[in-house]
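Structure first, then comments.
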Amino acid sequence: MFAFTVRRIAQGIFVMLVISFLCFTIQHQIGDPVRDIVGISVSTAEREALRDKMGLNDPFLTQYVRFLGKAVHGDVGMSFFFKKPALSVILAKAPATLELVFISSIIIIFVSIPLGIYCAINPRKILSRIIMGLSIVGVSIPVFLTAIILIYIFSVELHWLPSYGRGQLVQIGPWRTGLLTLDGWKHLILPSIALSSIMLPLFIRLIRSQMMEVLETDYIKFAWAKGLHRKRIWFVHAFKNTLLPVITVGGVQLGTMIAFTILTETVFQWQGLGFLFIEAVERADTTLLVAYLMVVGVIFVVVNTLVDIVYGLVNPMVRIQGSK
Amino acid sequence: MEHLLELQDVVIRFALRSGDLTAVDGVSFSLNRGERMGLVGESGAGKSVTGFSIIDLISKPGYISSGRILFEGKDLAGLSEEELRIIRGNRISMIFQDPMMTLNPVLTIGTQMVETLQAHRDISDEEAHGIALEKLRKVHIPSPEKRLIQYPHEFSGGMRQRIVIAIALLTDPALIIADEPTTALDVTIQAEILDLLLELCESEKTGLILITHDLAVVSQVTQKIAVMYAGKIVEMGDTTRIISQPKHPYTQGLINALPGSEHLGKRLNQIPGMMPNLMSIPPGCSFHPRCPLRVAVCAQQIPELLYYEKFSREVACHVMEQLSGGDL
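Just so you know, the protein sequences line up as chains A and B, in that order. With the working numbering applied, the first sequence corresponds to residues 126 to 449, in that order. With the working numbering applied, the second sequence corresponds to residues 37 to 364, in that order.
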């Protein structure tokens, strides 16, 4: 297990190197730090002098290594718009997105697993068919439409829930959380439902199809032949095997959710990473964009490494390969 | 004496979109306590389905459409799900064809053994472990204490089949149904597993239904065999008698098809044609299109499985009626 973990971490570092290289290339090609700093009223000769001073005329690789060295220390440059280090701008916004994704993940896990199992065990029941039908609808409706419909019903018509923002927040160290106030929770409900609206049906379908496949296997038939209780067969024998592919997909999807909260955050004016990203694009804030890409890259790599480790815990065959 | 198991005119159908398909058509046989019987036939003859029907584990959309299955005097078809569960794995155990697929890959051997015991008996983990160890020793698994905490992928195919046999023996069942237990194994391992199965069934007085297409396997282990063709039993009786003197033309064909030393350098005999698709079973005797001895009546009337005193066995063949009055 230890060797397995170390190898996964090494792979993660390699992936980060590739991401950083791509990010730097983007910045190198489309960004102009001199413009960011001096604006338009400075002469060409002065600009050239500044470029030399900042090392922008150095060879590409030299610049990359310098960029990498700074990035390791958490310095990916200054945001042109905020006039602050890009990383700190991003980290200040991260709690909003992470909380949103966290609540959405919980909704997805606690709704998709029971429903998926139910549909797999009773594929012919009417309720299963209704769930499967609705899940197709859910997958097909784009997030922003779901979000708008939710706002219309619960905010505009029923006045039950607020339609935008994070509500009342509490500052704990660097983390501004909405999870400690009732108002914060109220603001979280609609965005997290909207964000889970695509993944949830997807996971119900995934769990159902995986579990139905597992239920057809010989070892499940053997479990029946052993006279085990049906609950044990479904929830221990079948579900544990169903989980393996679901964990893999789930890991990738979790990363994707963090990266692509953009639509949800825009509709709900949620001051998180996705919202920040859209603003950065509009302001052509290249440094911020690159920092965002790097941060999302790190999140992806960390999440996937964790998922692989969890997978290793569930699947005994992975454990063995890792220990050799 | 009451039979351990008795099948009476069991019909198994599969509900398909194009209508019902009869996979097993009126099979009857009985098995005494401690008796070992072989169910032989080509793939699709209905032998596995018959085996699975006994504990009502036919894969959907199959179902038992009529007939009775009596086990220790009780009709299994009339039992509730829970009553059946108590019999499965407890009084009747199964051994499957492919040991690579039979054990759950994410659970340890120990878990898979203990859960079986605890599903049927109210015993502690320690007691269950003790019984599991004892059974693993019985199937000659070396250092069973270490093996209990291992996962199925850490065992070879032959070892896994031994473990499956140990699981089947856990609750000291009265009957074991083994569905092609050696087909997926190497020839050398096959012999070991068969010897083991035979030895255990004899010492524990366990009844055995051995489902196989391999006549050599049947003759090695069983006392009685039933040869199946297209969902029906065509010949049934004492194993050595049937193997040495098959009467039904199909059984004769099967035995002639076995490679033997007298045929060295010659083509192997084979039964011409294929077993009919269950969708289109020929009228009359389902074997008649392939039968070398067929007469006019074969295509019109389904032959009944009748007991022939002279051959001391049951055969379902029109020609047999003539033969039995003749010189044989």
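Each residue gets a CB set at the ideal place from its N, CA and C atoms; glycine is no exception. Just so it is clear, the structure is predicted and the values come from calculations on it, not from any experiment.
By the 10 Å Cβ neighbour count, where 16 or more other Cβ atoms means buried, how is Asn247(A) classified, buried or exposed? On the first sequence, position 122 is the one that residue 247(A) refers to. Label assigned to Asn247(A): exposed.
Residues bridged to Val60(B) [DSSP beta-bridge criterion]: The residue you call residue 60(B) lines up with position 24 of the second sequence. DSSP, once it has assigned bridges, lists Ile48(B) as partnering Val60(B).
Leaving out the 5 sequence neighbours to the left and right, which residues in its chain are closer than 6 angstroms to Leu414(A) when beta-carbon positions are compared? Here residue 414(A) is taken as the residue at index 289 of the first sequence, counted from 1. These residues qualify, in order along the chain: Ala405.
Neighbour flag for Arg254(A) against chain B, beta carbons, 8 angstroms: Counting from one through the first sequence, the residue named residue 254(A) turns up at place 129. Output row for Arg254(A): interface = no.
Where Met310(B) falls, given that 16 or more other Cβ within 10 Å makes a residue buried: Within the second sequence, residue 310(B) is the residue found at index 274, counting from 1. With fewer than 16 Cβ atoms within 10 Å of its Cβ, Met310(B) is classed as exposed.
Identify the residues that DSSP records as bridge partners of Met149(B): which are they? Taking the first residue of the second sequence as 1, we reach residue 149(B) at position 113. DSSP lists no partner for Met149(B).
Within the same chain, show all residues whose beta-carbon is closer than 7 angstroms to that of Glu42(B), passing over the 5 residues directly before and after it, in chain order. Here residue 42(B) corresponds to residue number 6 of the second sequence, with the count starting at 1. These residues qualify, in order along the chain: Ser66 and Leu106.
Given a cut-off of 8 angstroms, decide if Ala220(B) and Pro135(B) are closer than it, judged by their beta-carbon atoms. In the second sequence, residue 135(B) corresponds to position 99, counting from 1. In the second sequence, residue 220(B) corresponds to position 184, counting from 1. Contact: yes.
Proximal chain B residues relative to Val439(A), where beta-carbon distance stays under 9 angstroms: Here residue 439(A) refers to the residue found at position 314 when the first sequence is read from its first residue. The contacting residues are Val142.
What does Gly273(B) pair with, by DSSP beta-bridge criteria? What you label residue 273(B) is simply residue 237 of the second sequence in a count that begins at 1. Ile261(B) and Arg349(B), per the DSSP bridge assignment.
Does any C-beta atom of chain E lie closer than 8 angstroms to the C-beta of Asn126(B)? As a matter of chain content, chain E is missing from the structure shown, whose protein chains are A and B.
Quick check: Asn366(A) and Val339(A), are their CB atoms within less than 8 angstroms of each other? Taking the first sequence and counting its residues from 1, one reaches residue 366(A) at position 241. Taking the first sequence and counting its residues from 1, one reaches residue 339(A) at position 214. It is a contact, given that the beta carbons lie within the stated cut-off.
Looking at chain A, is there any beta carbon in it that lies within less than 8 angstroms of the beta carbon of Thr152(B)? Translated into the one-based positions of the second sequence, residue 152(B) becomes position 116. Closer than 8 angstroms: yes.
Can the beta-carbon of Thr150(A) be found less than 8 angstroms from the beta-carbon of Gly399(A)? For this step, residue 150(A) is matched to residue 25 along the first sequence. For this step, residue 399(A) is matched to residue 274 along the first sequence. Contact flag unset, no.
Using only the alpha-carbon positions, how far apart do Ser260(A) and Ser253(A) sit? Along the first sequence, read from residue 1 onward, the residue named residue 260(A) stands at position 135. Along the first sequence, read from residue 1 onward, the residue named residue 253(A) stands at position 128. Distance between Ser260(A) and Ser253(A), taken at the CA atoms: about 10 angstroms.
Is the beta carbon of Ile233(A) sitting closer than 8 angstroms to the one on Met324(A)? Sequence index remark: in the first sequence, residue 233(A) carries index 108 (1-based). Sequence index remark: in the first sequence, residue 324(A) carries index 199 (1-based). Cβ distance < 8 angstroms, so Ile233(A) and Met324(A) count as in contact.
Thinking just about the alpha-carbon of each residue, which of Gln396(A), Ser322(A) and His153(A) is nearest to the one in Leu270(A)? Looking up residue 270(A) in the first sequence gives position 145. Residue Ser322(A) is the option with its Cα nearest to Leu270(A).
Just checking Arg191(A) against the ligand ZN - is the residue's beta carbon closer than 7 angstroms to any of the ligand's heavy atoms? The ligand content of the structure shown is nil, which means the ligand ZN is not present either.
Taking 6 angstroms as the limit between beta carbons, can you name the residues of its chain near Val143(A), skipping five residues before and five after? By one-based count along the first sequence, residue 143(A) stands at place 18. There are no such residues.
Met272(B) beta carbon less than 8 angstroms from that of Glu350(B): For this step, residue 350(B) is matched to residue 314 along the second sequence. For this step, residue 272(B) is matched to residue 236 along the second sequence. Yes; because the gap between Cβ atoms is below 8 angstroms, this pair is in contact.
Does the Cβ-Cβ distance between Lys218(A) and Gly376(A) come in under 8 angstroms? Indexing the first sequence from 1 puts residue 218(A) at position 93. Indexing the first sequence from 1 puts residue 376(A) at position 251. Contact: no.
Cα-Cα separation between Leu75(B) and Arg157(B), rounded to whole angstroms: Reading the second sequence from its first residue, position 39 is the one you call residue 75(B). Reading the second sequence from its first residue, position 121 is the one you call residue 157(B). Using only the alpha carbons, I get a separation of about 31 angstroms.
Is it the case that the Cβ atoms of Phe279(A) and Leu320(A) are separated by a distance below 8 angstroms? Start at 1 with the first residue of the first sequence, and residue 279(A) comes out as number 154. Start at 1 with the first residue of the first sequence, and residue 320(A) comes out as number 195. Contact flag unset, no.
Across which residues does DSSP place Leu41(B) in a beta bridge pair? By 1-based counting over the second sequence, the position of residue 41(B) is 5. In DSSP, Leu41(B) forms a bridge with Leu67(B) and Phe107(B).
When the Cα of Val421(A) is compared with those of Met382(A), Glu173(A) and Trp395(A), which residue comes out closest? Walking along the first sequence from the start, residue 421(A) turns up at place 296. Per the Cα distances, Met382(A).
Contact under 8 angstroms by Cβ, Ala81(B) with Gly301(B): Position 45 of the second sequence holds residue 81(B). Position 265 of the second sequence holds residue 301(B). No.
Closest to Glu390(A) by C-alpha separation, out of Ile273(A), Val435(A) and Val423(A), would be which residue? Sequence index remark: in the first sequence, residue 390(A) carries index 265 (1-based). When each option's Cα is compared against that of Glu390(A), the closest is Ile273(A).
Considering only the alpha carbon of each residue, which of Thr218(B), Thr207(B) and Gln259(B) lies closest to Glu240(B)? Taking the first residue of the second sequence as 1, we reach residue 240(B) at position 204. Closest by alpha carbon: Thr207(B).
Identify which residue in Ala59(B), Gly320(B), Phe132(B) and Gly289(B) has its Cα closest to the Cα of Ala332(B). Indexing the second sequence from 1 puts residue 332(B) at position 296. Out of Ala59(B), Gly320(B), Phe132(B) and Gly289(B), Gly320(B) has the C-alpha closest to the C-alpha of Ala332(B).
Rounded to whole angstroms, what is the Cα-Cα separation between His249(B) and Asn313(B)? Residue numbering aside, residue 249(B) sits at position 213 when the second sequence is read from its first letter. Residue numbering aside, residue 313(B) sits at position 277 when the second sequence is read from its first letter. Taking the straight line from one Cα to the other gives about 18 angstroms.
Starting from the Cα of Gln394(A), find the closest Cα among Tyr289(A), Leu353(A) and Ser237(A) and give me that residue. Position 269 of the first sequence, counted from the first residue, corresponds to residue 394(A). Among Tyr289(A), Leu353(A) and Ser237(A), the Cα nearest to that of Gln394(A) is on Tyr289(A).
Anything in chain A within Cβ reach of Asp161(B), meaning under 8 angstroms, just list it in chain order. By one-based count along the second sequence, residue 161(B) stands at place 125. Ordered by position in chain A, no residue passes the 8 angstroms Cβ test against Asp161(B), which lies about 15 angstroms from the chain.
Please specify which runs of the alpha helix (DSSP H), each continuous and at least 4 residues long, are wholly inside the segment 190 to 260 of chain B, giving them in chain order. 193 to 205, 223 to 240 and 251 to 257
Contacts of Ala155(B) in chain A (Cβ-Cβ under 9 angstroms): Position 119 of the second sequence holds residue 155(B). Going along chain A in sequence order, the residues near Ala155(B) (Cβ under 9 angstroms) are Lys351, Gly352, Leu353, His354 and Arg357.
Helix, strand or coil, according to DSSP, for Val295(A) in the structure here? For the purposes of this step, residue 295(A) is taken as the residue at position 170 of the first sequence. Of the three classes helix, strand and coil, the one that applies to Val295(A) here is strand, per DSSP.
Mind listing which residues of the segment 392 to 417 of chain A have their C-beta closer than 9 angstroms to chain B's C-betas, in chain order? Under the 9 angstroms Cβ criterion, the segment 392 to 417 of chain A contributes no residue.
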